[in-house]
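Residue numbers (my numbering): 491 to 737.
Even glycine gets a Cβ: it sits at the ideal position worked out from N, Cα and C.
Keep in mind it's a predicted model, so treat the numbers as computed, not measured.
A short worksheet on the structure shown next.
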Ligand SMILES: Nc1ncnc2c1ncn2[C@@H]1O[C@H](COP(=O)(O)OP(=O)(O)OP(=O)(O)O)[C@@H](O)[C@H]1O
Ligand SMILES: [Mg+2]
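This is the structure:
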């Protein structure tokens with residue numbers, strides 16, 4: 491349970507711009523994007539293919555350098571850190587879920603999660619195993635814990651990828667189309683898990699998705715078109731009662 495939510499954004503993007511290519515082939519993919527995200531909230535980013543959603547996610551999460559603008563995460567300027575500092579920040583505070591799963595073929599589902607707990611956080615072997623099993627259970631993957639990616643369906647791989655992102659209880663969770671490989675029932679469960687990471691554990695969750703059915707499961711929806719946020723309120727502040735829960 492979260493008793494209070496800071497009105498300071500956990501992540502603030504200020505006038506981000508990014509282009510690809512040079513000269514005649516140069517195309518500007520993000521124009522002057524500003525955005526505030528808050529701890530305890532799950533936000534959905536929607537927009538047409540090619541509008542710049544993945545590019546924005548990559549910049550916000552420290553994976554892709556902006557041409558201009560700043561990203562302030564937990565009070566720290568992400569893009570003025572050294573590469574090493576930024577890497578450490580990401581390891582410690584960020585969980586990622588990519589469309590391509592990015593799982594290691596040689597490792598079982600359980601090992602993919604254990605690895606994060608052990609190397610990311612220095613958990614003991616026993617502790618890593620306990621937490622991996624707990625999360626796999628939550629994800630309905632307990633019986634598949636011993637299987638490798640080639641032995642899992644797309645939806646099952648996606649659940650392992652989500653478990654891997656959530657096992658370190660990250661401050662930030664970025665998910666690019668986490669439900670696109672799933673049927674709606676599995677997709678809804680995935681969104682509920684991400685929502686619980688926000689509401690119950692205070693994570694700042696940002697997901698990119700196309701399915702409008704997700705809208706009712708999130709706190710806030712942001713629309714992007716041609717590299718800009720549409721009808722966007724820069725001064726948005728979350729409603730304080732929103733994440734208060736009984737018990
Ligand atoms: N590394 C790159 N080099 C050149 N162009 C790129 C690169 N990455 C993205 N782009 C271009 O930037 C634009 C936005 O891409 P982006 O992946 O952010 O879109 P998107 O909104 O995530 O689309 P989708 O819904 O299809 O995933 C596209 O036109 C794409 O071709
Ligand atoms: Mg994309």
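Coarse secondary structure for residue 516, derived from DSSP in three states: Residue numbering aside, residue 516 sits at position 26 when the chain shown is read from its first letter. Looking at residue 516 - three-state DSSP - the assignment turns out to be coil, as it is neither helix nor strand.
Is the beta carbon of residue 738 less than 8 Å from the beta carbon of residue 532? Lying before the first or after the last residue shown, residue 738 is absent from the chain, which here runs from 491 to 737.
Out of curiosity, what's the CA-to-CA distance linking residue 509 and residue 542? Translated into positions along the chain shown, residue 509 becomes position 19. Translated into positions along the chain shown, residue 542 becomes position 52. Distance between the alpha carbons of residue 509 and residue 542 is about 10 Å.
So, do the segment 699-708 and the segment 514-534 have three or more beta carbon pairs nearer to each other than 8 Å? yes
Per DSSP, cross-strand counterpart(s) of residue 715: For the purposes of this step, residue 715 is taken as residue 225 along the chain shown, with counting starting at 1. Residue 715 is bridged to 718.
List the residues that DSSP assigns as beta-bridge partners of residue 507. Within the chain shown, residue 507 is the residue found at index 17, counting from 1. 558, per the DSSP bridge assignment.
Can you tell me where the beta strand (DSSP E) holding residue 694 begins and where it ends? Counting from 1 along the chain shown, the entry for residue 694 is found at position 204. 694-698 is the extent of the beta strand (DSSP E) around residue 694.
Using the DSSP secondary-structure output, state which residues sit across from residue 633 in a beta bridge. As a working mapping, residue 633 is identified with position 143 in the chain shown. Beta-bridge pairing links residue 633 to no other residue.
Strictly closer than 7 Å from CB to any heavy atom of ligand 2: give me those residues in the order they appear in the chain. 543, 544, 666, 667 and 698
What do you get for residue 566, buried or exposed, if any count of 16 or more other CB atoms within 10 angstroms of its CB means buried? Residue numbering aside, residue 566 sits at position 76 when the chain shown is read from its first letter. So residue 566 counts as exposed.
Taking the beta strand (DSSP E) that residue 586 belongs to, which residues open and close that run? As a first step, residue 586 must be located in the chain shown, where it is residue number 96. Where residue 586 is concerned, the enclosing beta strand (DSSP E) stretches over 584-587.
CB-CB length for residue 546 against residue 666, believed under 8 Å: If you number the chain shown from 1, residue 546 lands on position 56. If you number the chain shown from 1, residue 666 lands on position 176. The pair is not a contact, with the Cβ atoms about 10 Å apart (cut-off 8 Å).
Residue 626 vs residue 655 beta-carbon contact at 8 Å: Residue mapping note: residue 626 aligns to position 136 of the chain shown, counting from 1. Residue mapping note: residue 655 aligns to position 165 of the chain shown, counting from 1. No. Outside cutoff.
Given a threshold of 16 other Cβ atoms within 10 Å of its Cβ, counted over all protein chains shown, does residue 630 qualify as buried or as exposed? Counted from its first residue, the chain shown places residue 630 at position 140. Exposed, because fewer than 16 other Cβ atoms sit within 10 Å of the Cβ of residue 630.
Can you grab the Cα-Cα spacing for the pair residue 737 / residue 595, in whole Å? Along the chain shown, one-based indexing puts residue 737 at 247. Along the chain shown, one-based indexing puts residue 595 at 105. Per-residue confidence for residue 737 stands at a pLDDT of 43, beneath the threshold of 50, marking its modelled position as unreliable; the derived number appears in the next sentence. Spanning the two alpha carbons is a distance of roughly 41 Å.
Let's see if you can read the secondary structure: which residues bound the alpha helix (DSSP H) around residue 534? Here residue 534 is taken as the residue at index 44 of the chain shown, counted from 1. Taken as a continuous stretch (DSSP letters only), residue 534 belongs to no alpha helix (DSSP H), being part of the beta strand (DSSP E) at 532-536.
Candidates 623, 590, 576 and 722: closest to residue 549 by CA position: The residue given as residue 549 occupies position 59 in the chain shown. Of the candidates 623, 590, 576 and 722, the one whose C-alpha sits nearest the C-alpha of residue 549 is 576.
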